[in-house]
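Comments concern the structure below.
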Amino acid sequence: MVGATGAVGSTILGVMRERSFAADKIVPFASERSAGRVIDYGDTDLSVTALSDESIQGFDLALFSAGSAISAEWAPRFAEAGAVVVDNSSQWRMEDDVPLVVAEVNPEALDGHRGIVANPNCTTMQTVVALKPILDAAGIERLVMSSYQAVSGTGQKAVDELHRQAEAVLDAKELPAPVVYPHQIAFNVLPQVESFKDGDDYTTEERKCMRETRKILGREELRVSATCARVPVYTGHSVSANVETRDPLSPEECRELLAAAPGVLVVDDPANGLYPTPLDAAGRDEVLVGRIRRDPSHDRSLNLWIVGDNLRKGAATNAVQLAELLHVRGLLGAARAA
Ligand SMILES: NC(=O)c1ccc[n+]([C@@H]2O[C@H](COP(=O)([O-])OP(=O)(O)OC[C@H]3O[C@@H](n4cnc5c(N)ncnc54)[C@H](OP(=O)(O)O)[C@@H]3O)[C@@H](O)[C@H]2O)c1
């Protein structure tokens with residue numbers, strides 16, 4: 289487990305424990321700064337280890353959540369040493385020979401792996417879990433998605449920044465200068481998630497949502513438009529999705545499809561105040577879907593509100609599910625494709 293001390297890494301270890309993940313030995317890797325730190329793993333204490341050519345030998349599986357630069361450097365080395373890497377960063381996701389997999393959506397893509405498997409972006413992940421049953425039943429021609437993303441998606445330092453700013457506002461004190469985000473996030477909404485790279489007018493997060501959705505659903509022709517915003521929520525991303533289907537699909541049919549879909553929980557009784565919120569999704573593995581309704585401006589479009597825990601299904605839970613699937617499908621160690 290590389291990045292074991294981070295927001296995603298510690299959630300991965302928690303999810304592994306909850307699911308009684310079968311492993312002879314688990315080694316938490318992090319930076320030199322954390323080496324020697326002890327992590328409580330149920331009955332066992334795990335000692336944090338720094339990455340080195342010697343320390344990475346002998347593993348069947350390596351779960352990575354230490355950012356793109358570490359994945360770029362160390363994932364191939366783990367793969368070379370015989371492990372299958374499940375990587376949470378964006379480093380490998382769009383490579384042709386790297387499967388980008390959501391457990392409930394395209395598990396068969398794992399079969400073609402060549403040592404590295406990519407875990408999708410959190411916002412994309414929760415959205416495609418809800419879209420897949422619709423795609424299978426009625427086809428999807430166009431998707432317009434708008435996200436409202438929690439600060440834990442940026443890591444622990446962003447959680448701390450929101451906390452400090454909120455405290456300062458409530459105590460009527462001078463606000464500390466923003467460090468993680470370009471503007472104050474407490475009591476604000478920022479229409480920027482990640483960066484505007486090379487003068488692009490879409491952010492890198494929005495580009496990921498568009499590209500990754502097409503790759504996971506296996507629909508390169510799918511028309512997708514994304515707007516991603518950061519909101520002062522600790523955990524749980526929300527997505528408003530406008531879905532234009534190929535065939536007619538009523539809100540009732542959509543609700544039935546989603547109620548039967550793996551990994552989805554329909555929470556949709558708005559008249560009684562029932563719809564998903566980030567607080568409802570936090571700590572859960574299901575993607576919560578509500579506000580399913582017809583788009584009055586288009587007779588084959590529906591609107592949905594999709595909420596998921598970005599640290600669990602958006603990262604850790606899917607990574608552990610992929611590890612379990614790799615094992616079940618005989619794709620670890622010697623069995624992996626040459
Ligand atoms: N947060 C989310 O919702 C989310 C969702 C999906 C994907 N991701 C992706 O998951 C990755 C991690 O995100 P995060 O939110 O968990 O970040 P984070 O809280 O900042 O944690 C980063 C982890 O990487 C480790 N690390 C840093 N430098 C290292 C080095 N030189 N060698 C080994 N380990 C090193 C850190 O160890 P130290 O404690 O020793 O510094 C820490 O364990 C990112 O690629 C992110 O894009 C995050």
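So for the sequence shown, this note's numbering puts the first residue at 289; every next one is plus one.
Don't be surprised by glycine CBs; every beta carbon is placed ideally from N, CA and C.
Under the DSSP definition of a beta bridge, residue 362 lacks any partner. Ligand 1 never approaches residue 335 closely enough for any of its heavy atoms to be under 6 Å from the residue's Cβ. Residue 349: member of the beta strand (DSSP E) spanning 349-352, first to last residue. With respect to residue 450, residue 456 sits apart: the two C-beta atoms are not nearer than 7 Å.
For ligand 1, no non-hydrogen atom lies closer than 6 Å to the CB of residue 555. By the CB criterion at 7 Å, residue 554 and residue 543 fall inside the cutoff. Sequence-distant Cβ neighbours of residue 347 in its own chain, meaning closer than 6 Å and more than five residues away, are 371. Residue nearest to residue 531 within the set 525, 501, 522, 550 is 501 (criterion: CA-CA distance). The beta-carbon distance between residue 515 and residue 598, rounded to whole angstroms, is 17 Å. This is too long to meet the 8 Å contact definition. Residue 477 counts as exposed, since fewer than 16 other beta carbons sit within 10 angstroms of its beta carbon. Here the stretch 531-540 does not lie against the stretch 400-416, with fewer than 3 beta-carbon pairs under 8 Å apart. Within the chosen limit of 6 Å, ligand 1 reaches the beta carbon of residue 319 through at least one heavy atom. By the criterion of a C-beta distance shorter than 8 Å, residue 291 is surrounded in its chain by 297, 317, 318, 352, 353, 354, 355, 358, 376, once the five residues flanking it on both sides are discounted.
The straight-line gap separating the alpha-carbon atoms of residue 396 and residue 445 is approximately 36 Å.
A residue is called buried when at least 16 other Cβ atoms come within 10 angstroms of its Cβ; residue 379 meets this threshold and is buried.
By DSSP's assignment, residue 543 forms no beta bridge with any residue.
Within the same chain, 418, 529, 531, 577, 579, 580 come within 7 Å of residue 592 by CB-CB distance, once the 5 residues on both sides are set aside.
Residue 516 has its CB no nearer than 6 Å to any heavy atom of ligand 1.
The three-state secondary structure of residue 440, taken from DSSP, is helix. Between the beta-carbon of residue 480 and that of residue 453 there is about 16 Å, and that puts the pair past the 8 Å contact cut. Residue 560 counts as exposed, since fewer than 16 other beta carbons sit within 10 angstroms of its beta carbon. Under a 10 Å Cβ-count criterion, residue 435 is classified as buried, with 16 or more other Cβ atoms of the shown protein chains found around its own Cβ.
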